[in-house]
Amino acid sequence: MKLTAAQRKQFAEEGYLIFPELFSPEEVKVLQDEAGRVSKIDAACIFREGESGQAKTMFRLHESDGPTASRAYRAAARSERVLGVAQQVLGDDALYLHHCKVNMKAAIEGTAWPWHQDFGSWHLDGIARPDMATVAVLLNDATEFSGCLHLLPGSHLEGRRNPYWDDKSAYKLWAVGPTEMRDMIARYPDPVRVDGKAGTAAIFHCNLLHASGHNLSAEDRWQAYFCFNTVKNRPADVENPRPDYVRSRNWEPMVLEADNRILADSTVPA
Ligand code: SIN
Ligand code: MN
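All the letters of the sequence shown, read from the start, carry residue numbers 456 to 725 under this note's numbering.
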């Protein structure tokens, strides 16, 4: 899947690209079923919430080992449509995943992600340069009502803002504060929704401001995120590094695999 010159220009200027229905309904079903299977596993890299203990965020589905390993996510991460697109926008073939996660924003109860830049926290992981991008894949239809992602076009060009630790949101992350966000939103084009059918994907720059709202709908909103870094930009040592499932120590360059493997691998017995 070769990006056009116009797409590369859009990524450089606006910090994102959206690909409607990039994954087929059959592929989405495999990725959904796998997320459902993994969500029942008891592992430190699955964050749960509430009395129900429902999985909220699950990490590290893309490796061959570990409790959350999934052939389908391993294949998706190495496909032309994920790794191949990331290689093109980052201008480097030697990439690895800083992490991979599935966010399961539950119907009615799933809450907002405040405005933030991913590089707000990844820089604190010891990563020097913002040579990173995330591929997001919608595993359900997403709408504003169900808490789809919003991106602030072009905001990556101002570089990393100084984040604050937001421990009031359900997800607890390094976020950009309300005064700064009011100023940024006033100066930029309207935020863009990453909405549409399941299987739609987006790639966005690690300094692009993004956020999502509460899921007011009766359907869960599940999304997969593949967060790439260049191998040469791998993190320096930091004190108290985060666990390997969020700050990977597997810095081997990932190898592209045939693009049909999400489906092909799902028929191979485990
Ligand atoms: C994120 O920004 O990492 C996730 C946001 C979302 O899933 O809505
Ligand atoms: Mn984010």
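Every residue gets a Cβ at the ideal spot worked out from N, C-alpha and C, and that includes glycine.
Please name the residue, chosen from the options, that lies closest to residue i on a Cα-to-Cα basis.
i: F474; options: A490, A713 and V590; result: V590
i: P522; options: V544, A541, E469 and V493; result: V493
i: R689; options: A460, K495 and H578; result: H578
i: D692; options: G491, G581, F502 and A567; result: G581
i: A657; options: S576, L711 and H605; result: H605
i: E535; options: K687, N705, F681 and P698; result: F681
i: Q487; options: D547, D520, A467 and R526; result: R526
i: S519; options: K652, R533 and G575; result: R533
i: S721; options: E476, Q465, V483 and W620; result: V483
i: K623; options: E481, H517, R503 and A567; result: A567
Helix, strand or coil: which one does DSSP assign to residue i?
i: V631; result: coil
i: Y658; result: In the sequence under discussion, the amino acid at residue 658 is Ile, which differs from the Tyr named in the question. Of the three classes helix, strand and coil, the one that applies to I658 here is strand, per DSSP.
i: V540; result: helix
i: A666; result: strand
i: K511; result: strand
i: D621; result: strand
i: W706; result: coil
i: F574; result: helix
i: E504; result: strand
i: M636; result: helix
i: L552; result: strand
i: A597; result: strand
i: F478; result: coil
i: Y700; result: coil
i: G491; result: helix
i: I582; result: coil
i: Y643; result: coil
i: L711; result: coil
i: H605; result: strand
i: L612; result: helix
i: I473; result: strand
i: R529; result: helix
With which residues is residue i paired in a DSSP beta bridge?
i: D692; result: Answer is none; D692 lacks a bridge partner.
i: A679; result: V557 and V592
Since I believe residue j is in contact with residue i (beta carbons under 8 Å), could you give me their beta-carbon distance rounded to a whole number of angstroms?
i: N670; j: K556; result: Between K556 and N670 the Cβ distance is about 17 Å, and since that is not below 8 Å, they are no contact.
i: S601; j: R676; result: 4 Å
i: V540; j: A679; result: Contact doesn't hold; Cβ gap of about 14 Å is too wide.
i: I717; j: A531; result: 5 Å
i: R702; j: H553; result: 7 Å
Does the region 658-678 come close enough to the region 608-622 to have 3 or more Cβ pairs within less than 8 Å? yes
task: Assess, as a yes-or-no matter, whether the region 702-709 is touched by the region 560-574 under the definition of 3 or more beta carbon pairs within less than 8 Å.
output: Verdict: no, contact absent.
Contact the region 616-631 vs the region 456-463: 3+ CB pairs below 8 Å:
no
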